[in-house]
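Inspection log for the structure reproduced underneath, given as structure tokens.
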Amino acid sequence: MDSAWPTVIGTVASGTLVGGTALVAAHWSKQSQRVQLDAQVEQVRLQIKAQALEQRREPRSRHYAEFVNGIDELLDYLQDHWLGDRMPADADELATVRDEARRQIRELHRIWSRVAVEGTSSVANAGADALEALGEIATCLGRDLRGRRANPPEEVTQRGARRRLWEAVDEAQDAFIIAARRSLQDDGVPRVRRTPRSERSSDQD
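Residue numbering for the sequence shown follows this note's numbering, beginning at 253 and increasing consecutively.
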């Protein structure tokens, strides 16, 4: 009987050792699984957050670009029809220029309303400044048209003054682009880009 005790003790010790090792292994396996699960949950959370941010930024970027492009189109139109060597030849031609400029400015107001809703306050304010500068051009066109229709006709705005109004809009557009770039860069999305006017002119030539 006494000779059997070492065997029993050895069996118990061996079982205890194996069982303890198994428990330790199971504990570390569970910890590892928990760490992996936490990492997966965090990764999914970050993906969802990134998708939500992108969904919020995408319309903002699109509206910024539409506003910039709209101003580009209007400035190009004014360059061709209002800032040449001469003012439009008669009142009817000048009325056509004024009406088209007003139409494009109304469209820019519509785009700006989306910029104001989707964008930051700094970008909305920069857009409002650009619209104010465009309003000065619309006022000048209306004043010149009334002068052309007067009897006798009155003098229209000199080309240098018209150029300064045009340049004021161009500068306001640049300020808008800077504000838009900062806003989009802060959110980690591509910046608004436009082709420099000088490059567009060379391409057209």
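Glycine included, each C-beta is placed from N, C-alpha and C at the ideal position. Keep in mind that this is a model prediction, so the values were computed, not measured.
Three or more Cβ pairs drawn from the segment 421-441 and the segment 309-325 lie within less than 8 angstroms of each other, which places the two stretches in contact. The beta carbon of R400 lies closer than 6 angstroms to those of A343 and L346 in the same chain, with the five residues before and after it left out. Taking 8 angstroms as the upper bound for CB-CB distance, L360 and R414 are not in contact here, some 19 angstroms apart. Cβ atoms of A376 and A368 come within 8 angstroms of each other, at about 4 angstroms. Under the DSSP assignment, N377 falls in the alpha helix (DSSP H) whose first and last residues are S373 to R401. Y316 and R362 have their C-alpha atoms some 12 angstroms from each other. Boundaries of the alpha helix (DSSP H) harbouring D351: A343 to E370, taken from the DSSP string. In this structure, DSSP gives G412 a helical state, which the three-state scheme calls helix. Secondary structure at W280: helix, using DSSP grouped into helix, strand and coil. Taking L393 as reference, the option from S313, T372 and E352 with the minimal CA-CA separation is E352. S435 is classed as buried because its beta carbon has at least 16 other beta carbons within 10 Å across all chains shown. Contact annotation, V408 with M339: C-beta distance approximately 5 angstroms; criterion of less than 8 angstroms satisfied.
Here the alpha carbons of R398 and P404 stand approximately 11 angstroms from one another. A check of alpha carbon separations from I357 across S313, R395 and Y329 identifies Y329 as the nearest. Excluding five sequence positions before and after E406, the CB atoms of its chain that fall closer than 6 angstroms to its own CB belong to G399, given in chain order.
When only Cα atoms are considered, E370 and Q283 end up about 45 angstroms apart.
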